[in-house]
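Worksheet: the structure to be examined is printed underneath.
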Amino acid sequence: MAWKIEGTYFENCNCDMVCPCSTSGLSAPADHDRCHVVLAFHVGSGRVDDVDVSGLTIAVVGDAPQLMSEGGWRMGLFVDAAASPEQAEGLGAVFSGQRGGPMEGLAPLIGEMLGMESARIEYTDDGRSHRVKIGDAIDIAVEDFVSPLDSTGKGVRVSGIGFPADTLAAGTATRSRVNAFGLTWDNEGKNAFSAPFAWSG
């Protein structure tokens, strides 16, 4: 059976601005010794096999070496507590790379799975501002960046990325607190990306 999901996503990492990992296809080093990142995905509509997963949110928490292509990532996964067991199983398989698609390419880089937890996830996206709150573990808000020199007001876009979408809006975190899976950090003021996404496998 096949799957298809689409929605919106955003991420926040501890690079200073416009993460070199993403813009180089993981071939350039991050700004700091370790990459600390959270990626939040809200599925606007989608199915995994015959299970409807629309309206649910997933968050990936990662800790990786400075040069991410070296592998040895540590990764944990939060699944929306609103998901039924069948929905959680389907989304967990997709976002761990077991069902192919974009996450399958990252799976060989993961050295340690820190766990998959069910949690109440609050996700908001108004097109330029994005926020995810996961219980007491994660509270991140980011804003897409609009250059004061940009008369169009469209904001900074980076194209040709490939994952999780081809074109990402660059931004910065206005709030970023993480205490999950034994990982703790605060990436306020650091890099953010956001975009619509559409995956299938």
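Taking our numbering, I'd label the letters of the sequence shown as residues 244 to 444. Every residue, glycine too, gets a C-beta built ideally from N, C-alpha and C.
Taking buried to mean at least 16 other C-beta atoms within 10 Å of its own C-beta, is Asp387 buried or exposed? buried
Between Leu357 and Gly287, how many whole angstroms is the CB-CB distance? I'm expecting something under 8 angstroms. About 27 angstroms separates the two Cβ atoms, so there is no contact after all.
With distances taken Cα to Cα, identify the nearest neighbour of Val303 among Gly315, Val281, Val421, Pro407. Val281
Can you list the beta strand (DSSP E) stretches of 3 or more residues lying completely in the stretch 355-433, in chain order? 364-368, 372-377, 381-387, 411-423, 426-429
What is the DSSP secondary structure of Ala271, reduced to helix, strand or coil? coil
Which of helix, strand or coil does DSSP assign to Ser437? strand
Reduced DSSP secondary structure (H/G/I, E/B, other) of Gly343: coil
Determine, using beta carbons only, whether Arg363 and Ala423 come nearer to each other than 7 angstroms. no
Return the first residue and the last residue of the alpha helix (DSSP H) that Ser288 is part of. That residue, Ser288, is in no alpha helix (DSSP H); its beta strand (DSSP E) goes 277-291.
Is the beta carbon of Trp442 closer than 7 angstroms to that of Ile301? no
Between which two residues does the beta strand (DSSP E) holding Glu249 run? 246-256
Which value, in whole angstroms, describes the spacing of the CA atoms of Arg277 and Asp306? 7 angstroms
Got a sec? Which residues, its chain only, sit under 6 angstroms from Ala336 by beta carbon, not counting five neighbours each side? Arg342
Helix, strand or coil, according to DSSP, for Ser297 in the structure here? coil
According to DSSP, simplified to helix, strand and coil, what is Gly305? strand
Beta-carbon contacts of Ala289 that lie in its chain and below 8 angstroms, excluding the five residues immediately before and after: According to the sequence as given, residue 289 is Gly; it is not Ala. Excluding residues within five positions, the ones whose Cβ falls inside 8 angstroms are Trp246, Lys247, Ile248, Glu249, Gly250, Asp295, Val296, Ser297.
Could you work out which residue in Ser267, His279, Ala380, Glu365 is closest to Met318 when comparing CA atoms only? His279
Alpha carbon of Phe440 to alpha carbon of Pro407, nearest angstrom: 7 angstroms
If you count every other CB in all the chains shown that lies within 10 Å of the CB of Gly333, and 16 or more means buried, which is it? buried
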